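Counting in UniProt numbering, the sequence shown runs from 1 upward without gaps. Only one structure is covered here, and it is reproduced in the block below.
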Amino acid sequence: MATAAAEGVPATHREEPVRDDVAVETAEEAKEPAEADINELCRDMFSKMATYLTGELTATSEDYKLLENMNKLTSLKYLEMKDIAINISRNLKDLNQKYAGLQPYLDQINVIEEQVAALEQAAYKLDAYSKKLGLIAQSFCIIKFYESIKEIEKASDTGIRRGQKEYPPASLQLHVI
């Protein structure tokens, strides 16, 4: 071989260094698949990609349909709530009108209630006054009674001495009020 290199003839076989390592890997030549296999693999890839994209588009379309249905239901609920709010507003207006119609009567009830309270206070005062007056009248009667008894006692002492038959004299008889 050395002679071939010296003569200018290229060597077809190069000498590789000898190694003791068993772990050395050798590269193999990559082989390209046949043309028919590539076409079949491309068709398979495009078919699977089409299936994937169709599924994604279908899912997105279904999401939009669901969102559309939810919007329709929400719209219907808002219409129902609007009708309910209109009815409540109408009923509230009716109640306010009825309350306005009853307001004069309610004012009269308040005035009557105030008058009853004032009358009740006057009745309590009158009761207390009549009790005081009753006590005063009783006291006055008791005083008059004692005065009459004293006068009777005086007159009896005097009448017995004079020989009067009427006891007590008519002028000193007790008059109950």
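Even for Gly, the Cβ is constructed at its ideal location relative to N, Cα and C. Nothing here was measured: the structure is a model prediction, and the numbers come from that model.
- In the structure shown, E28 falls within a coil segment according to DSSP collapsed to helix, strand and coil.
- Here the alpha carbons of Y124 and I136 stand approximately 18 Å from one another.
- Within the model, the alpha-carbon separation for M49 versus K65 is close to 24 Å.
- A straight line joining the alpha-carbon of K144 with that of D127 spans about 25 Å.
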